[in-house]
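Participant: Protein chains in written order, with the working numbering: chain A, 12 to 238; chain B, 12 to 238.
Beta carbons: idealized from backbone N, C-alpha and C, even for Gly.
Remember, it's a predicted structure, so these values are computed and weren't measured experimentally.
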DNA sequence: TTTGATATTGACAATAATGTCAGTATTGGC
DNA sequence: GCCAATACTGACATTATTGTCAATATCAAA
């Protein structure tokens, strides 16, 4: 072995015979592409291994780059985390508002609940945000605030619209807020302890579906009652 | 500077004149007491600063000891974390089962909900357990499993008892499970995002109380309906 | 008082993570 | 084809944290 011909020597040694490292063409992405790949990898690590799994070296390996490249794109680890927060927030926002926007006002709660849980629980978003909240990093970020505010506003507008159609009295806004809060809490909770609870109680995938349907019905009955 | 008289020289130099450190009587606790203090400090750090705040040096400083003392009592950092899990689990179990056990069967859900939220959300327990779950550490622990199973059993027994009193048909066990799951999810969720959501929506302490009451009523109505 | 057990400590070792830097390779525009 | 901009790398510096160890202080029992 002796001198294990590092890439520096590769230039002179040339790639004559069987090339161990075939010059290893360095790949160069656009800055945006690189950032996206890095964020994806970071998110995946976070979702799978939890907070402790967020190490620059690991992420770099996943992407297939060196860890200073990450620092190049995000300044610091903290910068990476911030970018992660920002992206999760906007993704969540879009996903939720999108779900609410789609479909007509007459759709019942079940669909909405399904979408919320999908957006929060099924994907790793809630786990990611939970970690951020646990580390107290999201306090400064006002994004999360706005998201919830928007959601409640849109939701309430729909309720009012719906109750007007039916000629019923306008619903209480706090009631709408509570419905949204409960849903958010439940979705976050499920994202974290859902798997454990399901396992503990012998609930399979289908059982979880039933639970969500049950919850949707619970809310739906409540909404029907109130409006 | 040269040789900065390390403590090795202290032996010969002796503490003759004005003693900087007045002998600093070393305190010695019983092993149990020490373990308890350390766990308390660790729990407090975890609750306040999140996972990243769990550093031996910090905890040691909080307790007023040196960090090797912690290692002496818990073997390793991992051992400390395990002990933390174990204690949180049993505390949670006792707290929840205690809450269910107290009071007669006729008590409505509101009280129970209140107790659950208190046990999980108000104290840092849920945040602590959440972190453990996020790091994937609690998977191996079967404790959590048993707790949930027990709770559901007790709860369902009460429902059956109650419905028998009233001469109504026995409730569906899965329904009880779902009620418990929703409550657990909601409490965990609130522990994590509760403060944020409250802030975002301008809900004060009293508003949170109202939310819990609202939730309790929601469940209560459902239970009344079903039984 | 003596003595054995052990809680506790300071100093050090080992490791692991982020961050810095100077240099290299690639791309797009001219 | 040349050039400027910059994505990327390897090696190193820095720092923080867990863990080890030999020594010491304290308590309880004999």
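(1) On a Cα-Cα basis, can you pick out the residue from A:101, A:178, A:220 and A:185 that is closest to residue 192 of chain B?
(2) So residue 95 of chain A packs on residue 50 of chain A, CB below 8 angstroms; how close in whole Å?
(3) Quick one: residues in its chain with C-beta nearer than 7 angstroms to the C-beta of residue 65 of chain B, no 5 flanking neighbours on either side, listed in chain order?
(4) In the stretch 182-215 of chain A, which residues sit with their C-beta less than 8 angstroms from some C-beta in chain B, listed in chain order?
(5) So with Cβ pairs under 8 angstroms, would you call residue 61 of chain A a contact of chain B?
(6) Any contact of the stretch 119-132 of chain B with the stretch 70-79 of chain B, i.e. 3+ C-beta pairs under 8 angstroms?
(7) Where does residue 205 of chain A land, buried or exposed, given buried means 16+ other C-beta within 10 angstroms?
(8) How would you list, in chain order, the residues of chain A whose beta-carbon sits under 8 angstroms from the beta-carbon of residue 163 of chain B?
(9) Just tell me which of B:180, B:157, B:178 and B:188 has its CA closest to the CA of residue 166 of chain B.
(10) For residue 145 of chain B and residue 133 of chain B, I'd like the C-alpha separation in whole angstroms.
(11) In chain A, what lies closer than 8 angstroms to residue 144 of chain B by C-beta?
(12) How far does the alpha helix (DSSP H) with residue 136 of chain B in it reach, from first residue to last?
(13) Rounded to whole angstroms, what is the Cα-Cα separation between residue 173 of chain A and residue 235 of chain B?
(14) As a quick exercise: from A:87, A:201, A:61 and A:60, pick the residue whose alpha carbon is nearest that of residue 67 of chain A.
(15) Since residue 162 of chain B and residue 227 of chain B are thought to touch, with beta carbons under 8 angstroms apart, how far apart are those beta carbons, to the nearest angstrom?
(16) Which two residues bound the contiguous alpha helix (DSSP H) that contains residue 96 of chain B?
(17) Should residue 170 of chain B go down as buried or exposed, given a rule of 16 or more other Cβ atoms within 10 Å for buried?
(18) Would you mind stating whether residue 99 of chain A and residue 127 of chain A have Cβ atoms separated by less than 8 angstroms?
(19) So which of B:222, B:91, B:212 and B:140 has the shortest CA-CA distance to residue 158 of chain A?
(20) Residue 47 of chain B and residue 84 of chain B look like a contact to me (Cβ under 8 angstroms); what is the Cβ gap, rounded to whole Å?
(21) So, at 7 angstroms on beta carbons, what are the nonlocal neighbours of residue 199 of chain B in its own chain, with the 5 sequence-adjacent residues on each side left out?
(22) Listing by chain order, which chain A residues have their CB less than 7 angstroms from the CB of residue 160 of chain B?
(23) Tell me the residue span of the alpha helix (DSSP H) that contains residue 76 of chain B.
(24) Classify residue 194 of chain B as helix, strand or coil using the three-state DSSP reduction.
(25) So, at 7 angstroms on beta carbons, what are the nonlocal neighbours of residue 224 of chain A in its own chain, with the 5 sequence-adjacent residues on each side left out?
Facilitator: Taking the coordinates as given:
(1) The residue with the shortest Cα to Cα distance from residue 192 of chain B is A:220.
(2) Between residue 95 of chain A and residue 50 of chain A, the beta carbon gap of about 6 angstroms places them in contact (Cβ cut-off 8 angstroms).
(3) Cβ within range, chain order: 53, 56 and 57.
(4) Within the stretch 182-215 of chain A, the residues whose Cβ lies closer than 8 angstroms to some Cβ of chain B are 185, 186, 188, 189, 192, 193, 195, 196, 197, 198, 199, 200, 201, 203, 204, 205, 207, 208, 210, 211, 212 and 214, listed in chain order.
(5) Residue 61 of chain A counts as touching chain B.
(6) With fewer than three CB-CB distances shorter than 8 angstroms, the stretch 119-132 of chain B does not count as touching the stretch 70-79 of chain B.
(7) With a threshold of 16 other beta carbon atoms within 10 Å, residue 205 of chain A meets it and is buried.
(8) Contacts between residue 163 of chain B and chain A, judged by CB atoms closer than 8 angstroms, involve 212 in chain order.
(9) In terms of Cα proximity to residue 166 of chain B, the closest of B:180, B:157, B:178 and B:188 is B:188.
(10) Between residue 145 of chain B and residue 133 of chain B, the C-alpha separation is close to 20 angstroms.
(11) In chain order: 203, 204 and 207.
(12) Unbroken alpha helix (DSSP H) run through residue 136 of chain B: 136-145.
(13) One Cα belongs to residue 173 of chain A, the other to residue 235 of chain B, and the distance between them is close to 28 angstroms.
(14) If we check each option's Cα against that of residue 67 of chain A, A:87 comes out closest.
(15) Residue 227 of chain B and residue 162 of chain B do not touch by the CB rule: their CB atoms are close to 17 angstroms apart, not below 8 angstroms.
(16) It spans 88-112 - the alpha helix (DSSP H) in which residue 96 of chain B sits, taken as one unbroken run.
(17) Residue 170 of chain B comes out buried.
(18) Not a contact, by the Cβ cut-off of 8 angstroms.
(19) Closest in alpha carbon position to residue 158 of chain A, among B:222, B:91, B:212 and B:140, is B:212.
(20) Contact between residue 47 of chain B and residue 84 of chain B is absent: CB atoms are separated by about 10 angstroms, not below the 8 angstroms threshold.
(21) Hits under 7 angstroms: 131, 137 and 141.
(22) Neighbours of residue 160 of chain B on chain A, chain order: 211 and 212.
(23) From DSSP, residue 76 of chain B is part of no alpha helix (DSSP H); its letter is neither H nor E.
(24) Helix at residue 194 of chain B.
(25) Hits under 7 angstroms: 121.
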